[in-house]
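Quick note: the sequence shown uses the UniProt record's numbering, first residue 1, plus one each step.
The beta carbon of each residue, even a glycine, is placed where N, CA and C say it ideally should be.
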Amino acid sequence: MTRSPTEIDREIGQRIRLARKQAKLSQSELGQAIGVTYQQVQKYENGTDRVAASRLVQIAAVLEQPASALLGGVEQGQARLMDEDAIALVALFNEIKRPALRGAALQTVKSLVAAGNEV
Numbered sequence: 001m002t003r004s005p006t007e008i009d010r011e012i013g014q015r016i017r018l019a020r021k022q023a024k025l026s027q028s029e030l031g032q033a034i035g036v037t038y039q040q041v042q043k044y045e046n047g048t049d050r051v052a053a054s055r056l057v058q059i060a061a062v063l064e065q066p067a068s069a070l071l072g073g074v075e076q077g078q079a080r081l082m083d084e085d086a087i088a089l090v091a092l093f094n095e096i097k098r099p100a101l102r103g104a105a106l107q108t109v110k111s112l113v114a115a116g117n118e119v
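Right under this line is the structure:
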């Protein structure tokens with residue numbers, strides 16, 4: 001019996017995509033490292049196909065992250081999907097090395113959120 005992917009599957013896929021981009025790997029490179037095609041990596045990242053636990057551990061090892069980073073905090077009904085802009089923002093933020101600049105960037109985003117939420 002085949003089950004359809006869930007919101008959690010899509011969240012895990014997005015975490016894989018984010019970690020892959022942070023590692024500066026293409027889908028082809030990740031696929032080669034874990035023994036699948038880039039199309040299969042695409043399916044994992046889009047949440048079209050579920051990622052088996054053993055495959056998740058393989059992916060995490062290639063991306064030099066604990067599997068829990070790709071899985072942690074995802075509970076039924078609590079998955080939070082990130083759009084491409086959010087993924088790009090996180091990836092860029094992670095490239096900021098100086099703590100003072102990271103703090104300034106975070107404060108800027110907080111100010112933008114506050115301004116956008118004013119009625």
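{"Query": "8 angstroms contact criterion, which A115 and L18 should meet: CB distance rounded", "Result": "Not a contact, Cβ separation roughly 26 angstroms."}
{"Query": "Test item: CB-CB of V62 and I12 under 8 angstroms", "Result": "no"}
{"Query": "Buried or exposed by the 16-neighbour rule on C-beta atoms within 10 Å, applied to A60", "Result": "buried"}
{"Query": "Coil, strand or helix - R98 by DSSP", "Result": "coil"}
{"Query": "Separation of D49 from P5, as counted between CA atoms", "Result": "6 angstroms"}
{"Query": "DSSP state of Y38 mapped onto helix, strand, coil", "Result": "helix"}
{"Query": "Three-state class that DSSP yields for A23 in the structure shown", "Result": "coil"}
{"Query": "Distance CB(E64)-CB(A33) smaller than 8 angstroms", "Result": "no"}
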